[in-house]
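**Q**
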Amino acid sequence: MKYGVIGVGGVGGFYGGMLANGGKEIVFIGKSHHVKVFKSKGLTVESFKHGKFTVRESDRVVFFDSFDALKDVDVVLLCVKSYDTEEIARKLSEIDGKFAIVSVQNGIENEEILAKYLGSDRVIGATAFIGAYVKEPGVVVHEAAGLLEIGEVVTTTVTDRIRRIAEDMAETGIEIRISRDINYTLWKKLMWNVAFNPYSVVTRATVGKMLEHPETLKVLERLMEECIEVAKAWGVELKKETMEKYLNSSPDLMAYKTSMLLDFERGKLLEIEGITGALIRKAKRKGIDVPCNHCVYATVLLLDEKRKK
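Letter by letter, the sequence shown follows residues 1 to 309 of the working numbering.
#1: For Val5 and Glu221, I'd like the C-alpha separation in whole angstroms.
#2: Checking the sheet assignment: what are the DSSP bridge partners for Lys52?
#3: Do Leu190 and Gly107 have their CB atoms nearer than 8 Å?
#4: Name the two residues that bound the continuous alpha helix (DSSP H) containing Gly208.
#5: By DSSP's criteria, Ser103 is part of a beta bridge. Which residues make up the other side?
#6: Quick check on the DSSP output: the alpha helix (DSSP H) that includes Leu262 runs from which residue to which?
#7: Decide yes or no for the touch test of the segment 130-147 against the segment 171-179: beta carbon pairs closer than 8 Å, at least 3 of them.
#8: List in chain order: all unbroken alpha helix (DSSP H) runs of 4+ residues lying wholly within the segment 107-156.
#9: Mind checking His34: buried by the 16 CB within 10 Å criterion, or exposed?
#10: Can you tell me whether Gly97 is helix, strand or coil according to DSSP?
#11: By how many angstroms is the C-alpha of Leu262 removed from the C-alpha of Tyr256?
#12: Out of curiosity, what's the CA-to-CA distance linking Ala69 and Glu237?
#13: To the nearest whole angstrom, what separates the beta carbons of Ala128 and Val141, a pair I think is in contact under 8 Å?
#14: Could you give the first and the last residue of the continuous beta strand (DSSP E) run that contains Glu25?
#15: Looking at the unbroken beta strand (DSSP E) that takes in Gly12, where does it start and where does it end?
#16: Cβ atoms of Val158 and Ile311: under 8 Å apart, would you say?
#17: Taking C-alpha atoms, which residue in Gly42, Glu46 and Val8 lies nearest to Gly30?
#18: Roughly how many whole angstroms lie between the Cα atoms of Glu136 and Lys49?
#19: Threshold first: 4 residues or longer. Then list the alpha helix (DSSP H) segments lying entirely within the segment 157-234, N to C.
#20: Can you list, in chain order, the residues of its chain with a C-beta nearer than 6 Å to that of Thr185? Leave out the 5 residues immediately preceding and following it.
#21: Where do the N-terminal and C-terminal ends of the alpha helix (DSSP H) with Val5 fall, by residue?
#22: Does the beta carbon of Phe63 fall short of 7 Å from some heavy atom of the ligand NAD?
#23: Please determine if the segment 72-82 and the segment 41-58 are in contact, where contact requires at least 3 C-beta pairs separated by less than 8 Å.
#24: State the Cα-Cα distance for the pair Gly151 and Arg56, rounded to the nearest angstrom.
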């Protein structure tokens, strides 16, 4: 199969880079100034697990700044922030192509947005448990984890396309898992995100520092408990064992700065609405109060506002 990647940041750069390095045909779509860098010096991945490698443009690897280049691909990995989903979905709907789109994003609303524009049958859900960031233009650092879970949105059946995508990824060294209930998987990832991402902006702390302090540990726990309560109201039974696992993080994640903290430090737009905002909206529709999440949400919004002045 031929792949496309939209958003060649930490996540898209790593997974797309692994596919390209493993011999798959792939089209990378990025902003024009980034594409110029990729065309001149390639895409370099520095991975704690797979070593360092560089992917250069060739007859099977292309870097482009127009979505039109995706019309002949079979599968597109959407690896942009959730606040860009609707605009990109609208653009993708104008392309004369039949590609499936895999939402490799944070949050629980992206699949709904994509389905609105492209049809639910073309949408594949995914969660990336990974620590990756852009070190400098053209260079992506993979510093922690790496598991990608994918699954069909409209069925619990393991379809041929899901199986083929998983096989391609496994062949190139990507840690891949097929989910028969991607909605559950998305909520499971949200439980980690609503705790560590926004609270890291409040504390300016790594995952390890937040876990080591007894009082911040309690806050993280409460943020997750509220997520479990909201998920249950939506028919998703998250496990307390998952929360306990998150609160006993693996060694490679202890020094990890969340993507939201990195964005805050670099003056970038924050993904707070796609993560905590999404949970609050889901909670409101079920008449559930989530005071701890609301407090962190409001604090991050204020810090973000002050940062911009």
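Think of the CB as a built atom: it goes at the ideal place given N, C-alpha and C, for glycine as much as any other residue. Quantities reported herein were computed from a predicted structural model and do not represent experimental measurements.
**A** According to the data block:
#1: Taking the straight line from one Cα to the other gives about 35 Å.
#2: Its beta-bridge partners are Glu46.
#3: For the pair Leu190 and Gly107, the CB atoms are nearer than the 8 Å cut-off.
#4: Unbroken alpha helix (DSSP H) run through Gly208: Val207 to Glu212.
#5: For Ser103, which the question treats as bridged, DSSP gives the partners Leu78 and Gly125.
#6: Ser259 to Glu265 is the extent of the alpha helix (DSSP H) around Leu262.
#7: Yes, since at least three Cβ pairs between the segment 130-147 and the segment 171-179 fall closer than 8 Å, the two stretches touch.
#8: Within the segment 107-156, the complete alpha helix (DSSP H) segments at least 4 residues long are 110-118, listed from N- to C-terminus.
#9: Under this definition His34 is a buried residue.
#10: DSSP, read as helix, strand or coil, puts Gly97 in coil.
#11: Approximately 10 Å, taken between the alpha carbons.
#12: The C-alpha of Glu237 is placed about 41 Å away from the C-alpha of Ala69.
#13: The pair is not a contact, with the Cβ atoms about 15 Å apart (cut-off 8 Å).
#14: First-last of the beta strand (DSSP E) with Glu25: Glu25 to Ile29.
#15: Per DSSP, Gly12 lies in no beta strand (DSSP E); the unbroken alpha helix (DSSP H) holding it starts and ends at Gly10 to Asn21.
#16: Here the chain covers residues 1 to 309 and nothing more, so residue 311 does not appear.
#17: Across the set Gly42, Glu46 and Val8, the C-alpha of Val8 shows the shortest separation from the C-alpha of Gly30.
#18: For the pair Glu136 and Lys49, the Cα-to-Cα distance works out to about 20 Å.
#19: As for any alpha helix (DSSP H) of minimum length 4 sitting wholly inside the segment 157-234, the runs are 160-171, 182-203, 207-212 and 214-233, ordered along the chain.
#20: For Thr185, where only same-chain residues beyond five positions count, the Cβ hits under 6 Å are Thr127, Glu149 and Ser179.
#21: Element bounds for Val5: not the alpha helix (DSSP H) but the beta strand (DSSP E), Lys2 to Ile6.
#22: Of the ligands one can find in the structure shown there are none, so the ligand NAD has no counterpart to examine.
#23: Short answer: they don't touch.
#24: CA-to-CA, the gap between Gly151 and Arg56 works out to about 30 Å.
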